[in-house]
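Data first, discussion second: the structure below is written as structure tokens.
2 protein chains.
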Amino acid sequence: MSEKAYQSDVTELKKILRSHSIQPSHHRLQVLSYLKNHRVHPTADMIYQHISAKIHTLSKTTVYNTLKIFSEKGIVRELNIDEHELRYDINVEPHAHFKCVKCGKLFDVFDKTLLPDREMVDGHIVSKIDVYLQGTCKECAGKE
Amino acid sequence: MSEKAYQSDVTELKKILRSHSIQPSHHRLQVLSYLKNHRVHPTADMIYQHISAKIHTLSKTTVYNTLKIFSEKGIVRELNIDEHELRYDINVEPHAHFKCVKCGKLFDVFDKTLLPDREMVDGHIVSKIDVYLQGTCKECAGKE
DNA sequence: TAATAATATTGTAATGATTATAATATTTAT
DNA sequence: ATAAATATTATAATCATTACAATATTATTA
């Protein structure tokens, strides 16, 4: 995403943050912009690496703080599909995820038949559902 | 589980390990026995704490090694439902899991309508499906 | 059985992601 | 403009897991 494109979005991004009761600081806008424009379900470190190339004083703690706030306020969803890394998804609409064990890419899966729509199971109150699929992605399967 | 009960099961436990091409060492039998008799989806540390009370020379690395082998050979399933802890389930039959955000307990959920039975999504080959539910368990909800 | 090879276990140190903390900088409200 | 609130930083701590090399145990073979 070009700097120009980012600039043109700033007003919109600020609106998003404000509507979630988050003060739109420069860093938070950068993180939000990155998430909006790189739909790869990045890790905190990926976000940090990308933004700190532009903002050399950026602290990784700020990225973590920002992502924690985003998560608490419902702007992002944490994806715990892999033991070794926490990933962030800017799309908080219910959907499943597929991780390729070969290339490591994480895909959105919008097929609704995968997602149970339940408020109750075995008498327990359900507030969150994660459906994580793993296997070999289309592309990697084609290479074999 | 009493020591007697454990003793009486040893032959059976050995059979399980051998049938999965795992040498039935004393430590491995202990870990397997613990998993069989404590269906709480324990962490590696919980297993270590319990067994090391009896076997004072036990190394935590051994517990990790053992769980890795069990996992590779398909005796246990790793549960990644919570960012901060990896849990182990001795029941490898397909089923969902529910974690209570209040008490932290992890429940098996055998309701089959929760589990999609798919070999393919969006052209990707599916080899593993995890369905993780979170919310307030029956018991904790009752207390409120 | 004794010698040898293979495997299992141990203890310690390393890794690496995340969090805690306290100081500083910035922003907002008065 | 000043004070209060909030955001950011740098550093250190945490903690689960893994790497590694040495030792112990078990299985195999002569």
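Chains as they are written, first to last, in our numbering: chain A, 59 to 202; chain B, 59 to 202.
We treat Cβ as the ideally placed atom computed from N, Cα and C, and that holds for glycine.
Is residue i helix, strand or coil by DSSP?
i, result
"T84 of chain A", "The residue asked about is misnamed: residue 84 of chain A is His in this sequence, not Thr. Note: H84 of chain A maps to helix in three-state DSSP."
"D204 of chain B", "With chain B covering only 59 through 202, there is no way to say anything about residue 204 of chain B."
"I113 of chain A", "coil"
"S185 of chain B", "strand"
"S79 of chain A", "coil"
"E202 of chain B", "coil"
"D67 of chain B", "helix"
"K72 of chain A", "helix"
"D180 of chain A", "coil"
Between residue i and the rest of its own chain, which residues show a CB-CB distance below 7 Å, the 5 nearest in sequence each way excluded?
i, result
"H99 of chain A", "L137, R145, Y146, D147, L164"
"S129 of chain B", "E136"
"V159 of chain A", "Q192, G193, T194"
"K178 of chain A", "It is Met, not Lys, that sits at residue 178 of chain A in the sequence shown. Around M178 of chain A: V184."
"L172 of chain B", "A154, V189"
"V167 of chain A", "H153, A154, H155, F156, L191"
Short of 6 Å in beta carbon distance, which residues of its chain neighbour residue i, apart from the five on each side in sequence? Order them along the chain.
i, result
"L90 of chain A", "L71"
"Q88 of chain A", "I109"
"Y64 of chain B", "Confidence at Y64 of chain B is low in this model, with a pLDDT of 48, below 50, so its placement is unreliable and the value that follows should be read with caution. S91, listed in sequence order."
"D169 of chain A", "none"
"Y106 of chain B", "K118, V121"
"T124 of chain A", "R86, V89"
"L93 of chain B", "I148"
"I139 of chain B", "H155, K157, Y190"
"C161 of chain B", "C198"
Residues in its own chain within less than 8 Å of residue i by CB, not counting five upstream and five downstream?
i, result
"S79 of chain B", "K131"
"R176 of chain A", "V184, I187"
"V150 of chain A", "G132, I133, V134, R135"
"K126 of chain A", "none"
"A102 of chain A", "K118, V121, Y122, L125, L144, Y146"
"I74 of chain B", "L90, I133"
"Q81 of chain B", "L75"
"D67 of chain B", "S91, K94"
From the DSSP output, read off the bridge partner residues of residue i.
i, result
"L191 of chain A", "A:F156, B:I187"
Chain-ordered residues of the stretch 186-199 of chain B with a beta carbon less than 8 Å from chain A: K186, I187, D188, V189, Y190, L191, Q192, G193, T194, C195, K196, A199
Output the residue ranges of the beta strand (DSSP E) runs that lie fully inside the stretch 84-170 of chain B and measure 3 residues or longer, sorted by chain position. 135-140, 143-147, 154-158, 164-167
By the 8 Å beta-carbon criterion, what residues does the stretch 171-184 of chain B contribute toward chain A? T171, L172, P174, R176, V179, D180, G181, H182, I183, V184
May I ask you to list, following chain order, the residues of the stretch 143-155 of chain A that have a beta carbon less than 8 Å from some beta carbon of chain B? L144, A154
Please list the residues of the stretch 95-115 of chain A that have a C-beta atom closer than 9 Å to any C-beta atom in chain B, keeping them in chain order. none
Residues within the stretch 117-143 of chain B neighbouring chain A, beta-carbon criterion of under 8 Å: E136, N138, I139, D140, E141
Contact set between the stretch 65-87 of chain A and chain B, restricted to residues whose Cβ is under 9 Å from the partner: none
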